[in-house]
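Contents: one structure, followed by commentary.
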Amino acid sequence: MRADLPIAYDRVWLNARLIDDGEVGGTACAIFASAGRVAAILPMAALADVPMERASDLQGAWVSAVLIDCHTHLVYGGSRAEEWALRLAGLPYAEIARRGGGIVSTVRATRTLSDDALLEAAMPRAQALAAEGVGCIEIKSGYGLTLADELKMLRVARRVGEQARVEVSATLLAAHTVPPEFAGRADDYVTLICEEIIPAAAEGGLAEAVDVFCERIGFSLAQTERIYAAAQAHGLAIKGHMEQLSNLHGSELAARCGAWSVDHLEYLDEAGIAALAARGTVAVLLPGAFYFLREQQLPPVAALRAAGVPMALATDCNPGTSPFASLRMMLNLGCTLFGLTPQEALAGVTRHAARALGRSDRLGTLAVGKEASFCVWDIEHPAGLAYQLGVNPLKQRVWRGEAV
Ligand code: DI6
Ligand code: FE
4 MRADLPIAYD RVWLNARLID DGEVGGTACA IFASAGRVAA ILPMAALADV
54 PMERASDLQG AWVSAVLIDC HTHLVYGGSR AEEWALRLAG LPYAEIARRG
104 GGIVSTVRAT RTLSDDALLE AAMPRAQALA AEGVGCIEIK SGYGLTLADE
154 LKMLRVARRV GEQARVEVSA TLLAAHTVPP EFAGRADDYV TLICEEIIPA
204 AAEGGLAEAV DVFCERIGFS LAQTERIYAA AQAHGLAIKG HMEQLSNLHG
254 SELAARCGAW SVDHLEYLDE AGIAALAARG TVAVLLPGAF YFLREQQLPP
304 VAALRAAGVP MALATDCNPG TSPFASLRMM LNLGCTLFGL TPQEALAGVT
354 RHAARALGRS DRLGTLAVGK EASFCVWDIE HPAGLAYQLG VNPLKQRVWR
404 GEAV
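Residue 297 in the numbering used here sits at position 294 of the sequence shown, and the numbers go up by one each step.
Take a look at the structure:
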């Protein structure tokens with residue numbers, strides 16, 4: 004097959020080996036970009052003439068679509084390192100909470116910070132992700148828990164994207180925990196979320212989705228349903244922290260309501276898996292939290308695989324349960340702890356992660372018409388992406404047709 008040349012392009016990368024299950028996976032090819040989009044991907048052998056203009060020779064390096072971290076809480080103030088040390092020394096969580104630790108300590112620290120200070124706190128985490136090839140990050144609010152502080156977190160999330168040169172998908176997670184001011188009045192707090200916080204976030208264009216921590220220590224199924232209804236009435240997508248510590252059947256509710264994804268899922272059962280499969284809802288696995296909390300209950304990966312549920316992987320980057328700003332670490336943990344294959348793990352941070360953020364039309368795979376956002380890797384085999392930590396294999400990140 005000979006390609007039709009000339010192709011209109013403003014940049015071309017030659018001799019790229021695509022890590023992809025697409026048509027040209029593994030063979031050396033040329034990636035043509037025009038106006039930030041992929042104009043053509045052609046096997047080198049099909050090129051009658053090798054283009055020399057505006058060309059970079061990748062010399063056979065492996066190339067993947069840019070990585071996507073589809074679940075983070077990376078905008079927050081303070082640190083919980085001291086609390087962790089106490090936990091390691093055997094102090095029970097109730098005692099830590101009594102001493103002012105736990106999630107409310109992060110809420111306190113986050114509330115005191117200005118927009119600029121919060122941005123400064125978050126940037127190292129976003130930069131660490133970007134430095135290992137992440138080009139799109141979902142960032143949740145959820146440590147403000149007042150109208151003003153939740154909107155502040157969402158504004159900062161947007162600025163993180165501008166400064167780190169990554170795309171940000173901002174999610175409102177006002178339903179992360181009941182704030183101390185509303186102790187014993189959870190339903191009143193849900194009313195505040197539905198009647199004030201969601202409308203303001205939607206009106207300001209500050210969030211594209213709404214998340215709920217549906218759990219005995221979080222929000223009930225009925226409260227979750229109220230929040231989802233309000234989100235959808237304001238044109239926002241929905242997703243959920245589901246089945247992390249117990250099985251409330253939140254995944255079934257979320258799937259029925261058309262959620263983008265359900266996340267955690269250690270306690271997901273057969274009925275939940277069937278609901279996800281029926282609706283094509285993405286299952287987001289978060290091995291960082293599983294590892295850091297030394298959990299024993301594994302998410303039902305084999306059953307999800309058998310049912311054909313798309314599985315994504317994400318960092319859950321947060322100060323309490325997954326203080327990790329490395330998506331490659333999650334590739335490794337996803338394989339070693341959850342039994343994913345390296346190929347499934349990579350699909351979990353590209354194709355399926357894009358779907359978990361409603362971005363399959365632009366991101367997730369390298370294909371004609373999608374964004375020319377990709378990573379050039381210094382690895383000998385695609386499994387190398389998940390294999391070694393501590394050495395960064397990223398040679399170059401190309402974002403919308405330009406090297407970052
Ligand atoms: N599930 C978790 O494990 C984290 N949030 C959530 O919804 C906990 C976040 C924290 O402790 O700060
Ligand atoms: Fe989370």
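We put the CB at the ideal spot given by N, CA and C, even for glycine.
Note that the coordinates shown come from a computational prediction; the quantities given were computed from them, not determined experimentally.
- In the same chain as P302, and ignoring 5 residues on each side of it, the C-beta atoms closer than 6 Å to its own belong to L268, E269 and L288, in chain order.
- S144 is positioned such that its CB atom lies no closer than 7 Å to that of L94.
- When rounded, the separation of the alpha-carbon atoms in S117 and Y146 is 13 Å.
- The beta-carbon separation of L307 and L70, rounded to 21 Å, does not stay under the 8 Å limit for a contact.
- Relative to the ligand FE, D319 has its C-beta within less than 6 Å of a heavy atom.
- Around the beta-carbon of S249, fewer than 16 other beta-carbon atoms lie within 10 Å, marking it exposed.
- For L360, the closest of R40, V15, F327 and G261 by C-alpha to C-alpha distance is G261.
- The C-alpha of M126 is placed about 12 Å away from the C-alpha of R161.
- Contact annotation: P385 and I22 have beta-carbon atoms nearer than 7 Å.
- Between Q130 and A167, the beta carbon gap of about 6 Å places them in contact (Cβ cut-off 8 Å).
- Here R403 is near E374, since their CB atoms are less than 7 Å apart.
- For the set A286, A151, P290 and L150, the Cα lying nearest the Cα of A310 is the one of A286.
- Under the three-pair Cβ rule at 8 Å, the segment 314-322 counts as touching the segment 70-79.
- Taking a cut-off of 8 Å on C-beta distances, the segment 133-143 does not touch the segment 188-201, as fewer than three cross pairs fall below it.
- Between A48 and L392, the alpha-carbon positions lie close to 35 Å from each other.
- The bridge partners DSSP lists for P396 come to none.
- Segment contact: the segment 344-355 against the segment 50-58, fewer than three CB-CB distances shorter than 8 Å; contact not assigned.
- DSSP places I241 in the strand class (E or B) of the three-state scheme.
- Contact annotation: L195 and L224 have beta-carbon atoms that are not nearer than 7 Å.
- By the Cβ neighbour-count rule, R101 is exposed, with fewer than 16 other Cβ atoms within 10 Å of its own.
- For the 7 Å CB-CB criterion, G243 and A257 form a contact.
- Across the structure, I230 and T180 are spaced so that their CA atoms are roughly 13 Å apart.
- Between A356 and T324, the beta carbon gap of about 20 Å keeps them out of contact (Cβ cut-off 8 Å).
- Assigned with DSSP and collapsed to three states, D190 falls in helix.
- Secondary structure of R282 (DSSP, three-state): helix.
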